[in-house]
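Worksheet for the structure shown next.
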Amino acid sequence: MISPRSPATALVAAAFLTAGCGIYAAGAAPAGAAGTIGDPRAGEQVYAKWCGECHDKGPNHPGTQSLAIKYRGKDIPAALPERTDLPAEAIAYFVRHGVALMPQFRKTEITEAQLRDLSAWLARER
Amino acid sequence: MTLPPGIDQAAFERAIAGFRRAVGEEWVFTSQEDVALYRDAYSPMWNEPDERVASAAVAPADVGEVQAVMRVANDTGLPVYPISTGKNLGYGGSAPTLSGSAVLDLKRMDRVLDIDEANASVLVEPGVSYFDLYRAVRDAGAKLWIDCPDPGWGSPIGNALDRGGGYTRAQFRNHFDAHCGMEVVLPDGALLRTGMGAMPEAKTWQQYKAGFGPWIDGLFSQSNFGVVTKMGFWMMPEPEAALIGRVYADRYEDLPALVRIVTHLENAGIVNGMPGFGSPLLQRRIPADPRSSAPNDSSAVDRSVHDAFYDGDKAARALIAERVRATGSSCWSALVKFYGPERMVRLQWELAKERFAEIPGVRFDEPEIYGFPLSDEELEQVHKPTFGIPSLAIFNFGIRTDLRPEPMVGHQAFSPVIPRTGEAIFEVNKVFAGIFRDEGLPLPPFNLPGCVWERALMMITIFPTTHDEALNTKYRRAIQRLIAEAARRGWGEYRTPVAYYDAVMATYSFGDNALRRFHETIKDALDPNGIVSPGRYGIWPRRNRAGDRA
Chain A
39 MISPRSPATA
49 LVAAAFLTAG
59 CGIYAAGAAP
69 AGAAGTIGDP
79 RAGEQVYAKW
89 CGECHDKGPN
99 HPGTQSLAIK
109 YRGKDIPAAL
119 PERTDLPAEA
129 IAYFVRHGVA
139 LMPQFRKTEI
149 TEAQLRDLSA
159 WLARER
Chain B
840 MTLPPGIDQA
850 AFERAIAGFR
860 RAVGEEWVFT
870 SQEDVALYRD
880 AYSPMWNEPD
890 ERVASAAVAP
900 ADVGEVQAVM
910 RVANDTGLPV
920 YPISTGKNLG
930 YGGSAPTLSG
940 SAVLDLKRMD
950 RVLDIDEANA
960 SVLVEPGVSY
970 FDLYRAVRDA
980 GAKLWIDCPD
990 PGWGSPIGNA
1000 LDRGGGYTRA
1010 QFRNHFDAHC
1020 GMEVVLPDGA
1030 LLRTGMGAMP
1040 EAKTWQQYKA
1050 GFGPWIDGLF
1060 SQSNFGVVTK
1070 MGFWMMPEPE
1080 AALIGRVYAD
1090 RYEDLPALVR
1100 IVTHLENAGI
1110 VNGMPGFGSP
1120 LLQRRIPADP
1130 RSSAPNDSSA
1140 VDRSVHDAFY
1150 DGDKAARALI
1160 AERVRATGSS
1170 CWSALVKFYG
1180 PERMVRLQWE
1190 LAKERFAEIP
1200 GVRFDEPEIY
1210 GFPLSDEELE
1220 QVHKPTFGIP
1230 SLAIFNFGIR
1240 TDLRPEPMVG
1250 HQAFSPVIPR
1260 TGEAIFEVNK
1270 VFAGIFRDEG
1280 LPLPPFNLPG
1290 CVWERALMMI
1300 TIFPTTHDEA
1310 LNTKYRRAIQ
1320 RLIAEAARRG
1330 WGEYRTPVAY
1340 YDAVMATYSF
1350 GDNALRRFHE
1360 TIKDALDPNG
1370 IVSPGRYGIW
1380 PRRNRAGDRA
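In order, the protein sequence lines correspond to chains A and B.
Just so you know, we're using the working numbering here: the first sequence kicks off at 39 and counts up by one.
Just so you know, we're using the working numbering here: the second sequence kicks off at 840 and counts up by one.
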């Protein structure tokens, strides 16, 4: 079996990819895969190590550049740290499946616990 | 789940049980969801039956656990495929060459073991990324630069073993050449140290490369003869300044002289950073231009100008000359970089300009001079690897743009090494254009080479990988033709995606494939059970060789 994508997850992906994540309520509960709550302070470190290089603000950050075009004319920030609408499930999906040139990340890179921390940080109260 | 030839379910299950004993339950991955994380995200065979996929993954934490994994693999016959950080994307990613192999994921071995500022060297484990090393060096307060590839999320060990390249001084940007000493777990589980490391009390493991006797380090690059668990690297002390010089030539026929002069200046040690070539008229920016991390513009260029660059005959040269006059854009540009004390790099630039002056009408920009550390503003604008800083900005080449509403999902590279001459650049472009036309593919922009290696050029053509089987098949066929035609003309690839390992190895066929047979002799001697990365770089163990050519 080659494809890791079951029909169910593929459907979830399609929803995220086509509708964008703005459809989710701000401050969605950062429930992780195991249903536990992550630590936002630890999540900030995970973000800095694995995500910021592509998703911080500025021209040297390709993820942000790409999302700026995707969200042009919409009220959705391109830089991930400015997003307040990302549910844990969406973050987990993109981290574990990748999107465009971003590959999936393995559990030896970002553990399940770190993924929960990352989600908690991205969904923190601001 | 796919298993390799000759491995049944019972043997697989014995191997998994052994791996669990070796590294702990948590670090053996067998579920479909977890194993899928090891797919090559940029596979040119995405979702096709021939896509290379793992059966499992095992992630040791230290050398002892790697040795234990090797014993299990030998006992059960299940091959393992070591990866460092798994970011060799475009050349295979984290997927094995032989489907059904278990990935030996070394990411957890991520310690920077030594930073020696006085010796300008480091000793690292395979799971250390360029970003990890950059942070460790900075945290240690050491004024050392890292020569990074683009992008910088890979591993210094993995990239050196794949013989990748970077951007600073020649002795550092050849990443394998820059290493000094390695530790290797051999397929039988024995632990080997090379160079001075073979002496148990060595004081100079990261200071003298060769040790005593044959220097065998090269055997562990682009191969499958062992699992490298430590490597030392020489680093570049932070210079006082970097000077960027820009040179412009207006005539099409100036390219050979431009290449010859740049090459001489580099070989003579006057230019000591990575040079590059571009074409303002074609809107071809020079790779690794510190002024811009963005890749070439995708804006349209007059088709007739492009065609003229490919043709290069008298009429074409006249057209190009007319366009140069009309637009004020030079036909060619070159970029030369100098690292060192400011007084010295200014003098080097003056000496370089004297050499370039033999090209009629050559022009120069005022040099840019950078001091260190770079300001935050500079860091957001420059090509960071030119200054020893890892980056992912290179991915700007494939993102969503106004002209490309759907971003790329992957890429693969065709990367032949060609002579370092302008004449070779012209010839390669013409030959490859013929193949593109034959294959019904759009003609790419006139290509200018990378200058990573000191005495050769590298003519990289990037093809997309897609999730469309028909398109992937078309690109693969074109690449197979390019490999064969390049070899016929004496241009060989320095590295290739997994899909083309055997095709490229077959082009290095001098003496009735003497080199491949030599590899196989070593493989069979060191790894008689064929358990380390079967097929990697076209080296197959006896049990997987069709008809056993040995």
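Note that beta-carbon positions come from the ideal geometry of N, C-alpha and C, so glycine has one too.
What are the start and end residues of each continuous beta strand (DSSP E) run of 3 or more residues lying completely inside the stretch 999 to 1031 of chain B, in chain order?
1018 to 1024
Cβ neighbours of residue 1204 of chain B in the same chain (closer than 6 Å, five flanking residues each side left out):
Translated into the one-based positions of the second sequence, residue 1204 of chain B becomes position 365. Around residue 1204 of chain B: 1085.
Give the residues from the stretch 142 to 157 of chain A that approach chain B closer than 8 Å (Cβ to any Cβ), ordered along the chain.
142, 143, 144, 145, 146, 147
CB residue 1011 of chain B to CB residue 1073 of chain B, shorter than 9 Å?
Looking up residue 1011 of chain B in the second sequence gives position 172. Looking up residue 1073 of chain B in the second sequence gives position 234. For residue 1011 of chain B and residue 1073 of chain B, yes; Cβs fall inside 9 Å.
Determine contact between the stretch 1275 to 1283 of chain B and the stretch 1345 to 1353 of chain B, defined as no fewer than three beta-carbon pairs at a distance below 8 Å.
No: the two stretches stay apart, fewer than three of their Cβ pairs being nearer than 8 Å.
Which residue comes first and which comes last in the beta strand (DSSP E) that contains residue 929 of chain B?
Sequence index remark: in the second sequence, residue 929 of chain B carries index 90 (1-based). No beta strand (DSSP E) contains residue 929 of chain B, which DSSP labels as neither H nor E.
If we ignore side chains and look at the alpha-carbon of each, how far apart do residue 155 of chain A and residue 78 of chain A end up?
Within the first sequence, numbered from 1, the residue matching residue 155 of chain A stands at position 117. Within the first sequence, numbered from 1, the residue matching residue 78 of chain A stands at position 40. Distance between the alpha carbons of residue 155 of chain A and residue 78 of chain A: 5 Å.
Can residue 845 of chain B and residue 1063 of chain B be called in contact, C-beta distance under 9 Å?
Start at 1 with the first residue of the second sequence, and residue 845 of chain B comes out as number 6. Start at 1 with the first residue of the second sequence, and residue 1063 of chain B comes out as number 224. In this structure, residue 1063 of chain B does not lie closer than 9 Å to residue 845 of chain B by Cβ.
Residue 1259 of chain B vs residue 1043 of chain B beta-carbon contact at 9 Å:
Looking up residue 1259 of chain B in the second sequence gives position 420. Looking up residue 1043 of chain B in the second sequence gives position 204. No, these two residues do not count as a Cβ contact at 9 Å.
Through-space distance from residue 1001 of chain B to residue 983 of chain B, alpha-carbon basis
In the second sequence, counting from the first residue as 1, residue 983 of chain B sits at position 144. In the second sequence, counting from the first residue as 1, residue 1001 of chain B sits at position 162. Rounded to the nearest angstrom, the two C-alpha atoms are 23 Å apart.
So, helix, strand or coil for residue 1250 of chain B, using DSSP?
Sequence index remark: in the second sequence, residue 1250 of chain B carries index 411 (1-based). Strand.
Answer yes or no: does any C-beta atom of chain B fall closer than 9 Å to that of residue 205 of chain A?
For chain A, the structure presents residues 39 to 164; residue 205 of chain A sits outside this window and is missing.
Determine the burial state of residue 134 of chain A: buried for a count of at least 16 other Cβ atoms within 10 Å of its Cβ, exposed for fewer.
Working through the first sequence from its first residue, we reach residue 134 of chain A at position 96. Buried, since its Cβ has 16 or more Cβ neighbours within 10 Å.
In the structure shown, what three-state DSSP assignment does residue 1305 of chain B receive?
The count along the second sequence starts at 1 and reaches residue 1305 of chain B at position 466. Coil.
Along the chain, where does the beta strand (DSSP E) containing residue 1068 of chain B start, and where does it finish?
Sequence index remark: in the second sequence, residue 1068 of chain B carries index 229 (1-based). 1066 to 1073 is the span of the beta strand (DSSP E), which, as asked, contains residue 1068 of chain B.
Flag this pair as touching only if the stretch 1189 to 1209 of chain B and the stretch 1154 to 1164 of chain B have three or more C-beta atom pairs under 8 Å; answer yes or no.
Per the Cβ contact rule, the stretch 1189 to 1209 of chain B is not in contact with the stretch 1154 to 1164 of chain B (fewer than 3 Cβ pairs under 8 Å).
Return yes when the Cβ of residue 84 of chain A is within less than 9 Å of the Cβ of residue 142 of chain A, no when it is not.
Taking the first sequence and counting its residues from 1, one reaches residue 142 of chain A at position 104. Taking the first sequence and counting its residues from 1, one reaches residue 84 of chain A at position 46. In this structure, residue 84 of chain A does not lie closer than 9 Å to residue 142 of chain A by Cβ.
Using only the alpha-carbon positions, how far apart do residue 1129 of chain B and residue 1224 of chain B sit?
Here residue 1129 of chain B corresponds to residue number 290 of the second sequence, with the count starting at 1. Here residue 1224 of chain B corresponds to residue number 385 of the second sequence, with the count starting at 1. Residue 1129 of chain B and residue 1224 of chain B: Cα-Cα distance of roughly 9 Å.
Does the stretch 862 to 870 of chain B come close enough to the stretch 110 to 119 of chain A that 3 or more CB-CB pairs lie under 8 Å?
no
Amino acids of chain A, ordered along the chain, whose beta-carbon sits closer than 7 Å to that of residue 1219 of chain B
Working through the second sequence from its first residue, we reach residue 1219 of chain B at position 380. By Cβ distance, chain A contributes 96, 97, 98.
Our contact map puts residue 952 of chain B next to residue 963 of chain B with C-beta atoms below 8 Å; I'd like the distance itself, whole angstroms only.
Stepping through the second sequence from its first residue, residue 952 of chain B is reached at position 113. Stepping through the second sequence from its first residue, residue 963 of chain B is reached at position 124. Right, the Cβ-Cβ distance comes to about 6 Å (below 8 Å), so this counts as a contact.
What residues of chain B sit near residue 136 of chain A, judged by a beta carbon separation below 9 Å?
In the first sequence, residue 136 of chain A corresponds to position 98, counting from 1. The answer, in chain order, is 880, 1248.
Can you check the stretch 1201 to 1264 of chain B for any beta strand (DSSP E) of at least 3 residues that lies completely inside it and give the ranges in chain order?
1207 to 1210, 1250 to 1253, 1255 to 1258
Kindly identify the DSSP beta-bridge partner or partners of residue 1076 of chain B.
Your numbering for residue 1076 of chain B matches position 237 in the second sequence. In DSSP, residue 1076 of chain B forms a bridge with B/983.
Partners in chain A for residue 1235 of chain B, counting only beta-carbon separations shorter than 7 Å
Looking up residue 1235 of chain B in the second sequence gives position 396. Within chain A, the residues near residue 1235 of chain B are 100, 103.
Could you have a look at residue 1299 of chain B and say whether DSSP puts it in helix, strand or coil?
Your numbering for residue 1299 of chain B matches position 460 in the second sequence. Note: residue 1299 of chain B maps to coil in three-state DSSP.
Could you tell me whether any Cβ in chain B is nearer than 9 Å to the Cβ of residue 129 of chain A?
Sequence index remark: in the first sequence, residue 129 of chain A carries index 91 (1-based). By this cut-off, residue 129 of chain A is not an interface position.
So, do the stretch 1080 to 1096 of chain B and the stretch 1231 to 1244 of chain B have three or more beta carbon pairs nearer to each other than 8 Å?
Per the Cβ contact rule, the stretch 1080 to 1096 of chain B is not in contact with the stretch 1231 to 1244 of chain B (fewer than 3 Cβ pairs under 8 Å).
Quick check on the DSSP output: what are the complete beta strand (DSSP E) runs of length 3 or more inside the stretch 1095 to 1157 of chain B, in order along the chain?
1115 to 1117
From the beta carbon of residue 82 of chain A, is the nearest beta carbon of chain B less than 9 Å away?
By 1-based counting over the first sequence, the position of residue 82 of chain A is 44. No, no contact with chain B.
Is the CB-CB distance between residue 1176 of chain B and residue 1113 of chain B below 9 Å?
Translated into positions along the second sequence, residue 1176 of chain B becomes position 337. Translated into positions along the second sequence, residue 1113 of chain B becomes position 274. Yes. Within cutoff.
Please list the residues of the stretch 935 to 949 of chain B that have a C-beta atom closer than 7 Å to any C-beta atom in chain A, keeping them in chain order.
944, 946, 947
Going by DSSP, name the residue or residues bridged to residue 946 of chain B.
For the purposes of this step, residue 946 of chain B is identified with residue 107 of the second sequence, where counting begins at 1. According to DSSP, residue 946 of chain B bridges with nothing at all.
Decide if residue 1051 of chain B is buried, meaning its Cβ has at least 16 other Cβ atoms within 10 Å, or exposed.
Position 212 of the second sequence, counting from 1, holds the residue named residue 1051 of chain B. Exposed.
Residue 145 of chain A - containing alpha helix (DSSP H), residue span:
The count along the first sequence starts at 1 and reaches residue 145 of chain A at position 107. That residue, residue 145 of chain A, is in no alpha helix (DSSP H); it is neither H nor E in DSSP.
Going by DSSP, what residues sit across from residue 1082 of chain B in a beta bridge?
Counting from 1 along the second sequence, the entry for residue 1082 of chain B is found at position 243. In DSSP, residue 1082 of chain B forms a bridge with B/1177, B/1208.
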